[in-house]
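Following: one structure in structure tokens, then a few remarks.
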Amino acid sequence: MLRRWLATLGILGVLGVLVELVVLGLVVWQLGPAWTIGLLIVKYVVGYLLVRRTGRIGWRQFRAAVDSGRPPGREGTDAATSFGAAMLVLLAGFVGAVVGLVLLIPPVRRTASRLAERVVERQLTAVAANGVFGPRRVTVQRDPVREPTADRPADKPAEPAAAIEGEILPPR
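Structure, rendered in structure tokens:
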């Protein structure tokens, strides 16, 4: 499983580098080397400013959650998603910068943050996930009302079902 994941990540990395080089070549061909270097400098400056800003905001939100006694998992995954997107703008080429800027759009960032939270939750035990992200929501279905039987007439109320105790396990 881990080898397949690493192989896939390696293949995607090589394809990403090839796409970035092709796009860089096209930009140089269309705009010329001077404008391309100028665009890269502007991209790096914007990326640097975004990294500083998202890092500072993420750290403040994380510390506020810890100081108030709330589990800091949501703030942590949101900060990591924002910081990763800003790092894409800073370090990647033009395609990576566009992906990073799209990830910084609040609805997209929240969706990516929820996805990252689910991935992290799967790697943690249920107790650790509760400590990091807070109590998990569980959907419980109630037993349908039982029909009257010979030993329990219709006028006698049904006894409540016994509580089920246990541990919430991560999905497989």
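So the number in the working numbering is just where the residue sits in the sequence shown, counting from 1, plus 18.
For glycine and all other residues, C-beta sits at the position ideal for the given N, C-alpha and C.
To the nearest angstrom, how far is it from the Cα of A25 to the Cα of R127? 27 Å
Using the Cβ count rule (16 or more neighbours within 10 Å means buried), how would you classify S100? buried
Starting from P51 and walking both ways along the alpha helix (DSSP H), at which residues does that stretch end? P51 to D85
Is A146 helix, strand or coil when you go by DSSP? helix
In whole angstroms, give me the CA-to-CA distance for G50 and V40. 14 Å
With distances taken from CA atoms, which of D96, V107, L108 and G114 is nearest R136? D96
Could you tell me the boundaries of the alpha helix (DSSP H) in which A98 lies? G91 to L109
Taking the alpha-carbon of L119 as reference, which of A147, L68, T143 and V46 has the nearest alpha-carbon? L68
Leaving aside the five residues before and after K61 along the sequence, list all residues of the same chain whose C-beta is less than 6 Å from its C-beta, in chain order. A115
Checking 8 Å against the spacing of the C-beta atoms, do G91 and V37 come in under that value? no
Quick one: residues in its chain with C-beta nearer than 7 Å to the C-beta of V117, no 5 flanking neighbours on either side, listed in chain order? L106
Do the CB positions of V32 and F112 come within less than 8 Å of each other? no
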